[in-house]
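Enquirer: Heads up: the sequence shown runs through residues 1425 to 1691, numbered per the working numbering. This is the structure, below, for whatever I ask next.
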Amino acid sequence: MTMNLDQYFIKQQPYYRPVADEVELYEAAYSVRMPMMLKGPTGCGKTRFVEYIAWKLGKPLITVACNEDMTASDLVGRFLLDVNGTRWQDGPLTIAARNGAICYLDEVVEARQDTTVVIHPLTDNRRVLPLEKKGELVHAHPDFQLVISYNPGYQSLMKDLKQSTKQRFGALDFNYPQHDIEVEIVAHESGVDRSTADKLVSIAERARNLKGHGLDEGISTRMLVYAGSLIATGVSPTAASRVALVRPITDDPDMRDALDAAVTTFF
Ligand SMILES: Nc1ncnc2c1ncn2[C@@H]1O[C@H](COP(=O)(O)OP(=O)(O)O)[C@@H](O)[C@H]1O
Ligand SMILES: [Mg+2]
């Protein structure tokens, strides 16, 4: 049972600026079909990295945004009722396993642990996926690989991956890129000049130092790209920074003042 995977191929090279040796390490991991875990804060480049890798390897990419209402059936598939009776419909994980796609489970901790365990038999040397309701054992296509993303900041006792899940993956740490690389990314993605991008990154670095001192998360690369995009349309840098960098991350008046002050220091 194969299907048209055309929609899952990434046709144009995504812009991805490597920050260390993550591309080489991932390619090595893929060559032995090691399941991979990308760890890091939101908005630091994990999804862009996966898109780039899928393009570079020439493999289809099937992405699932995980959430706590997700069930194992949402991943593996279910019987649907239609005019002709019931018919089985593969879920995204099954489609990927049958057809040799890269399956990206984004923010996997959001899913309940009883949902996440369905990936276990796919992530050891069996590489199989039992479709219990259908009575079928799917043997993964040789090109199939599983990759998950994981934000360690959201980790809590209630919400974490089981050790038995974690230990099935190789892991790459992601973080906000170092200053000059982040400037390059923000300038490229938003269209602002380097000096404006440099100022935006400097504001973010101030805010990142406040993480844990009243801020849960720092200003991400994604937010800097948003701010830059507003500036590129003609919005003033201070207004753009307030809208895209400061207001979204805090409602605390003192923290807003502190961040607004950082904005006026640089612009
Ligand atoms: N290394 C990078 N190369 C290119 N763009 C990047 C990079 N890191 C971050 N970005 C930019 O930041 C945005 C957010 O990154 P994303 O991959 O969506 O974050 P995450 O998946 O970690 O939440 C991207 O859309 C891209 O514009
Ligand atoms: Mg993402």
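Just so it is clear, CB atoms sit at the ideal spot from N, CA and C, and this is done for glycine as well. Owing to the predicted nature of the structure, the values given are computational and were not obtained by experimental measurement.
Within 10 angstroms of the Cβ of N1575, are there 16 or more other Cβ atoms? Answer buried if so, exposed if not.
Expert: Buried, by the Cβ-count rule.
Enquirer: Looking only at C-alpha atoms, which of R1630, L1529, N1428, R1632 sits nearest to D1498?
Expert: If we check each option's Cα against that of D1498, L1529 comes out closest.
Enquirer: With DSSP run on the structure shown, which of helix, strand or coil describes S1398?
Expert: Since the first residue of the chain shown is 1425 and the last is 1691, residue 1398 is not available in this structure.
Enquirer: With DSSP collapsed to three states, give me the class of P1545.
Expert: It is helical.
Enquirer: Which residue wins for smallest C-alpha separation from T1540, given the options R1511, K1590, N1508, L1648?
Expert: Selected option, being the one with the closest Cα: K1590.
Enquirer: Just verifying my parser: in three-state terms, what is the DSSP assignment at Y1574?
Expert: Of the three classes helix, strand and coil, the one that applies to Y1574 here is strand, per DSSP.
Enquirer: Hey, would you say D1548 sits closer than 8 Å to R1592, going by beta carbons?
Expert: Contact: yes.
Enquirer: Out of curiosity, what's the CA-to-CA distance linking L1585 and D1538?
Expert: Cα-Cα distance, rounded: 11 Å.
Enquirer: Using the C-alpha atoms, what's the distance from Y1440 back to M1679?
Expert: The alpha-carbon atoms of M1679 and Y1440 are separated by roughly 32 Å.
Enquirer: Tell me, which residues are paired with C1490 by DSSP?
Expert: C1490 is not bridged to any residue.
Enquirer: Would A1410 and V1610 qualify as a contact pair, given that the criterion is a beta-carbon distance under 8 Å?
Expert: This structure leaves residue 1410 out entirely; the chain is present only between 1425 and 1691.
Enquirer: Let me check one thing: in DSSP terms, what residues is H1563 bridge-paired to?
Expert: Answer is V1552.
Enquirer: State the beta-bridge partners of Q1591 as determined by DSSP.
Expert: Paired residue(s): none; Q1591 is not in a bridge.
Enquirer: First and last residue of the alpha helix (DSSP H) that includes N1511?
Expert: Reading off the sequence, residue 1511 comes out as Arg, not Asn. Not the alpha helix (DSSP H): R1511 falls in the beta strand (DSSP E), residues 1509-1514.
Enquirer: Identify whether G1464 lies in helix, strand or coil by the three-state DSSP scheme.
Expert: Of the three classes helix, strand and coil, the one that applies to G1464 here is coil, per DSSP.
Enquirer: Output the residues surrounding ligand 1, defined as those with a CB atom closer than 5 Å to any ligand heavy atom, in chain order.
Expert: In chain order, the hits are Y1440, R1441, T1466, G1467, C1468, G1469, K1470, T1471, R1472, I1609, E1613, T1645, R1646, V1649.
Enquirer: Mark G1467 as exposed unless 16 or more other C-beta atoms lie within 10 angstroms of its C-beta, in which case mark it buried.
Expert: Buried.
Enquirer: Do D1377 and ligand 2 come close, with the Cβ less than 7 Å from some heavy atom?
Expert: The requested residue 1377 is not part of the displayed model; the chain covers only 1425 to 1691.
Enquirer: Taking a contact to mean a Cβ-Cβ separation below 8 Å, would you say L1517 touches V1500 in this structure?
Expert: Cβ atoms of L1517 and V1500: closer than 8 Å.
Enquirer: Tell me which same chain residues have a C-beta within less than 8 Å of the C-beta of E1475, skipping the five on either side of it?
Expert: Around E1475: I1434, P1438, Y1440, L1485.
Enquirer: Determine the extent of the alpha helix (DSSP H) in which L1481 is found, giving its start and end residues.
Expert: Looking at the DSSP string, the run of the alpha helix (DSSP H) that includes L1481 is 1470-1481.
Enquirer: With distance defined between alpha-carbon atoms, name the residue in E1451, P1601, T1487 nearest to S1573.
Expert: Comparing Cα-Cα distances from S1573 to each of E1451, P1601, T1487, the minimum goes to T1487.
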